[in-house]
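As you go down the protein sequences, you meet chains D and H in turn. To get my numbering, take the position in the first sequence, counting from 1, and add 39. To get my numbering, take the position in the second sequence, counting from 1, and add 35. This report concerns only the one structure given below.
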Amino acid sequence: MLRVVLIKELAITRGERTLFSRLDLTLRAGEAAVLMGRNGAGKTSLLRAVAGLLRPAEGTIAFESETGPIEADTARAEHLHLLGHQDGLKSSRTAWEELRFQTLWTGGTEDNARAAAKRFDLNRLLDLEVRRLSAGQRRRLALARLAASPRALWLLDEPMAPLDAGQRAAFGQVMAEHLAGGGMILASVHDPLPIPTRSVPIGMEGAGR
Amino acid sequence: MKGFGILLRRELALAWGKGGGPLLALTFYACVVVLLPMASGRAPERLAAIAPGIAWLALALAALLSLERLFERDYEDGTLDLLALGPAPLEAVAVAKCLAQWLATGAPLALAAPIAALMLGADLKVMPLLVLCALAGGLAFAFLGGLGAALALGSKRGGLLVAVIVLPLFAPPVIFGAGALDGYSAGLPWTGGLLLLLAYCVGAIALSPLAMGAACRNALD
């Protein structure tokens, strides 16, 4: 299992603009870190870089398990979840079809998917087409796949935004359990997460205020 | 391959999806096949001569339909991120998508092609060859279409761009297939055209996934 994420001297540029540089961050099993920074500071870009979707201009991102380093491609194919601004759900498919596919695709089983649906209070919604779900319900459906397929590192981009207070608390519980089980969370948020976290400032110092 | 079957089943379900899929492609195909003779003249002997060609060209046009949704929708709604983090590399994801596209539209169209050719008065003996050309050509169209769709990712007015990228790539298989059909009807050598068509199809299947994977990665970056 993935135990450590090592980010060293990371710099990310978009076009001509350098979002941030010389970022160091080490995340170990059981730890959660939240990325703090103004809009456009590069929080989303950092998450996408860790997920391997975006190539950093400089620096390295390394993954380690108990037994030694894990290849970046393996880590990305088996050990991490990325949940971006978009939920990645097809509006013409039913909630269950989407949850089942996402769970199987990321390495879980159908039983995992059922348990996660129950956990996220989705059972009543499973037969509905995704287009009929509210934004909060869609987000819960997307979050359910995190719990359904066991991957150690969760990269979350504003995961709480569409959720109501009760659901936020419930998801806080899920995150706490994930951390207790040796998981890791790297999240970008505006409101604090309902779990103990470490803050990581993102962005060029004093730039573009 | 791990995950490939799961993805293929999902892509098939999406491609067959409500209202679209084979029915839409078949309707479009029927429209083109009906329109072309109206433009070229109605004399039966003339129609019979060009019937296989019409049935064949209309296939290429019908293959352009719904190419846009192949990658663009996944890119817009965030599904492509998820697909990039699965057990199969993006190249395999692209293969699953193109294969599903072919199964949902190309294969049904290949079965409709002889019916269209018959209606236009083509000789019955050319039908097996037409189906064979349509099946192989449809596969090439699906993979080349996927290539165009992946390259056009993220651009506005993607639909038109896909057609402009893809149609020149469709020219060789259209020529090879038409050559085989023409030669066969006229009693001339025809195997050369068919072999070239098959070779082009194999080349497209072998090479286009590499380009599609790279194009998707580039779009996600």
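Beta carbons are placed, not taken as given, at the ideal position from N, Cα and C, and that holds for glycine. These figures come from a predicted structure and were not determined experimentally.
Can you tell which of D:Leu-182, D:Trp-193 and D:Leu-225 has its C-alpha closest to the C-alpha of D:Arg-207?
Taking the first residue of the first sequence as position 1, residue 207 of chain D is located at position 168. Checking every option, the nearest Cα to that of D:Arg-207 belongs to D:Leu-182.
Nearest-angstrom beta carbon gap, D:Leu-41 and D:His-118 [assumed within contact, 8 Å]
The residue you call residue 118 of chain D lines up with position 79 of the first sequence. The residue you call residue 41 of chain D lines up with position 2 of the first sequence. Right, their Cβ atoms sit about 4 Å apart.
With a threshold of 7 Å between beta carbons, is D:Trp-135 in contact with chain H?
In the first sequence, counting from the first residue as 1, residue 135 of chain D sits at position 96. Answer no: the Cβ-Cβ gap between D:Trp-135 and chain H never drops below 7 Å.
With DSSP as the reference, label D:Arg-67 as helix, strand or coil.
Here residue 67 of chain D refers to the residue found at position 28 when the first sequence is read from its first residue. Looking at D:Arg-67 - three-state DSSP - the assignment turns out to be strand.
Any chance the stretch 116-136 of chain H sits against the stretch 194-203 of chain H, with 3 or more Cβ pairs inside 8 Å?
Fewer than three Cβ pairs drawn from the stretch 116-136 of chain H and the stretch 194-203 of chain H lie within less than 8 Å of each other, which leaves the two stretches out of contact.
Taking the alpha helix (DSSP H) that H:Pro-124 falls in, what are its first and last residues?
Within the second sequence, numbered from 1, the residue matching residue 124 of chain H stands at position 89. Unbroken run through H:Pro-124: none, as it is neither H nor E.
Roughly how many angstroms lie between the CA atoms of D:Phe-59 and D:Gly-81, to the nearest whole one?
As a first step, residue 59 of chain D is located in the first sequence; it is residue number 20 there, counting from the start. As a first step, residue 81 of chain D is located in the first sequence; it is residue number 42 there, counting from the start. Approximately 7 Å between the Cα atoms of the pair.
Going by Cα to Cα distance, which pick from D:Ala-90, D:Ile-51, D:Arg-94 and D:Ala-134 is closest to D:Thr-35?
What the structure shows of chain D is the stretch from 40 to 248, and residue 35 of chain D is not part of that stretch, so it cannot be assessed.
Three-state secondary structure (DSSP) at D:Pro-95?
Your numbering for residue 95 of chain D matches position 56 in the first sequence. It is coil, neither helix nor strand.
For D:Gly-247, is the classification buried or exposed, using 16 other Cβ atoms within 10 angstroms of its Cβ as the cut-off for buried?
The sequence position of residue 247 of chain D within the first sequence is 208, counting from 1. Caution is warranted here: a pLDDT of 40 is assigned to D:Gly-247, below 50, making its placement in the model unreliable, and the coordinate value is therefore given only provisionally. So D:Gly-247 counts as exposed.
Within 10 angstroms of the Cβ of D:Gly-220, are there 16 or more other Cβ atoms? Answer buried if so, exposed if not.
By one-based count along the first sequence, residue 220 of chain D stands at place 181. With fewer than 16 other beta carbons inside 10 angstroms of its own, D:Gly-220 counts as exposed.
Residues that D:Gln-141 contacts on chain H, provided the C-beta gap is smaller than 8 Å
Position 102 of the first sequence, counted from the first residue, corresponds to residue 141 of chain D. Those are Leu-117, listed as they occur along chain H.
Assigned secondary structure, H:Gly-227 (DSSP; H/G/I helix, E/B strand, else coil)
Residue 227 of chain H sits at position 192 when you count from the first residue of the second sequence. Helix.
Touch test, the stretch 55-66 of chain H against the stretch 84-98 of chain D, Cβ-Cβ under 8 Å, three pairs minimum
In this structure the stretch 55-66 of chain H does not lie against the stretch 84-98 of chain D, because fewer than three pairs of beta carbons, one per stretch, are closer than 8 Å.
Could you tell me the alpha carbon to alpha carbon distance between D:Gly-245 and H:Lys-37, rounded to whole angstroms?
For this step, residue 245 of chain D is matched to residue 206 along the first sequence. For this step, residue 37 of chain H is matched to residue 2 along the second sequence. The pLDDT assigned to D:Gly-245 is 44, lower than 50, so where the model puts this residue is not dependable, and the model offers no usable value.
Can the beta-carbon of D:Val-43 be found less than 7 Å from the beta-carbon of D:Glu-110?
As a first step, residue 43 of chain D is located in the first sequence; it is residue number 4 there, counting from the start. As a first step, residue 110 of chain D is located in the first sequence; it is residue number 71 there, counting from the start. In this structure, D:Val-43 keeps its C-beta atom at 7 Å or more from the C-beta atom of D:Glu-110.
I'd like to know whether the C-beta of H:Ala-249 is nearer than 7 Å to at least one C-beta of chain D.
Looking up residue 249 of chain H in the second sequence gives position 214. False, the Cβ-Cβ gap to chain D never drops below 7 Å.
Give me the Cβ distance between D:Ala-191 and D:Gly-222, rounded to the nearest whole Å; I'm assuming they're in contact under 8 Å.
Working through the first sequence from its first residue, we reach residue 191 of chain D at position 152. Working through the first sequence from its first residue, we reach residue 222 of chain D at position 183. Confirmed, Cβ separation roughly 5 Å.
For D:Asp-230 and D:Leu-128, what's the separation of their Cα atoms in angstroms?
In the first sequence, residue 230 of chain D corresponds to position 191, counting from 1. In the first sequence, residue 128 of chain D corresponds to position 89, counting from 1. Cα-Cα distance, rounded: 25 Å.
Decide if D:Met-199 is buried, meaning its Cβ has at least 16 other Cβ atoms within 10 Å, or exposed.
What you label residue 199 of chain D is simply residue 160 of the first sequence in a count that begins at 1. With 16 or more other Cβ atoms within 10 Å, it is buried.
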